[in-house]
RNA sequence: GGAGAGGUAGCGUAGUGGCCUAACGCGCUCGCCUGGAACGCGAGUAGGGGUAACACCCUCGUGGGUUCGAAUCCCACCCUCUCCGCCA
């Protein structure tokens, strides 16, 4: 979420930043937001003035009724005059009369009647406050809705370009193997090795469902353990998380409202299945004020991820590259603003180190403004080479969202030097996502005889086995 | 799922319609005292909105309601604890 003060104070700069994202609908919202913000503040000024007057008047009601030093005539006069002032909506005069700052002219009304009329006037004032508060709520609702649709703004270091076609690929690391036979794609290798069963997966759960079997299931479980251990060795605290969350968490992480389409929802329990562990970890410290001394906080969690892939229907339909349910290990950092960009670099390195350990050829992709996505200020992807599919597969995406998620989730920290609490920066990065790593291992480590060599670093997690045998 | 008890500022607690502009204790910060500390004494110590800055407004689990006025009364919901039932 962007800071409304920033939008109000530098609207043209904000618009320039959004233009870099190539997001016309978002751009159009800015003027709308400015207008709603103006309306909101105008209404607030009015309602708060009435509330302030009402608070003071109410305090005087008890005194007017109970003060024995006041004569019946004086009470009647004050009540009648204040009541008249309220009729004219002259709140200042009513306050002055009730607080005794201003003398009331005599009245012919009885104290009872005058008091009754004052009560009626005060009631009207209360009704007016309620009506205005309704309006404030309505305007605020529309304002929030608009602001929640605005994407994060890019960091100055992000290359400005229109689309993903311009993403900057860093030189690949690791050896891209040359085969003396035609390398197979995983959708052929998997069934041949009897470790991926597409047909039975689809039978049970529909399109894009799959079953990992035997060495396939074991390979994935080994990878998850490797990923978690690798992060833990770098100081990340392991978490076991709920796999579903209540709606506000989806807003907090920036999934909602824009990506409502991609999540699974249980309408009875009113909970949403995680599309990524990032959603849960972001909200771990929701509504908290952390001490600067606690920061940075590093977390890692393995969770399944559930995505409807509605918007990608028809893309990557073969194999297990794009599926409704997959496993991911997610790394996450809560940092101060001063350190977040250095932490982003080390986060990408942490993901890269896993590819190095698995001896998979990989490259870093520097994401340009037009492909940044909704929540990131800066983003790098890690892609591994997949010789069977003949493409680079995204296995990690590392982002610094700066205060974007922290604002939505209300996560602050108190600086050591006594200043006011301010928003933390949050970063997230996969480390890594399977089954894409399963794909890469099968395709990169396949042998002419149909077997697949198990990367050395994984063998301790697979009972010491060094190979997935070709025949069942 | 049933019964009961609760939810008040970092923590613990008080507060049953206006003196709550939320008290007190602990913790924390600063000052005095001291050679330096402890003790003692004094002051400060939630968040949000709003303003050029004040003023001011909102928040006592959440949302409604009653009332001139609600932490306090009424209704609904959420969560925690104790007991019971069911259960991997």
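Residue numbers (our numbering): 101 to 572. Don't be surprised by glycine CBs; every beta carbon is placed ideally from N, CA and C. A quick note: this is a predicted structure, and the numbers were derived from the prediction, not measured.
Buried/exposed call for residue 340, threshold 16 Cβ in 10 Å: exposed
Residue 69, buried or exposed, once every other Cβ within 10 Å from all chains shown has been counted against 16: This structure cannot speak to residue 69, because the chain is shown only from 101 to 572.
Coarse secondary structure for residue 329, derived from DSSP in three states: helix
Residue 231 versus residue 163: straight-line alpha-carbon distance, rounded: 28 Å
Identity of the residues DSSP links to residue 500 by a beta bridge: 478, 527
Beta-carbon proximity check, residue 352 vs residue 376, cutoff 8 Å: no
Residue 492 vs residue 276 beta-carbon contact at 8 Å: no
Residue 350, enclosing alpha helix (DSSP H) - first and last residue: 347 to 352
Rounded straight-line distance, which links the Cα of residue 408 to that of residue 399: 26 Å
Residues of its chain near residue 355, where Cβ-Cβ distance is below 7 Å and the 5 sequence neighbours each way are ignored: 363, 375, 379
Secondary structure of residue 435, DSSP reduced to three states: strand
Whole runs of the alpha helix (DSSP H) within the region 165 to 240, excluding any shorter than 4 residues: 172 to 187, 191 to 198
Per DSSP, the bridge partner or partners of residue 266: Its beta-bridge partners do not exist; DSSP assigns none.
Close-in-space but distant-in-sequence residues of the same chain around residue 242 (CB under 6 Å, 5 per side omitted): 136
Identity of the residues DSSP links to residue 78 by a beta bridge: Residue numbering for the chain in the displayed model covers 101 to 572; residue 78 lies beyond these limits and cannot be assessed.
Proximity winner among 229, 110, 511, relative to residue 150 (alpha-carbon distances): 229
Residue(s) in a DSSP beta bridge with residue 546: 552
Cα-Cα separation between residue 312 and residue 244, rounded to whole angstroms: 44 Å
Terminal residues of the beta strand (DSSP E) in which residue 464 lies: 462 to 466
Contacts around residue 153, its chain only, beta-carbon distance under 8 Å, and the 5 residues preceding and following it disregarded: 191, 192, 194, 195, 225
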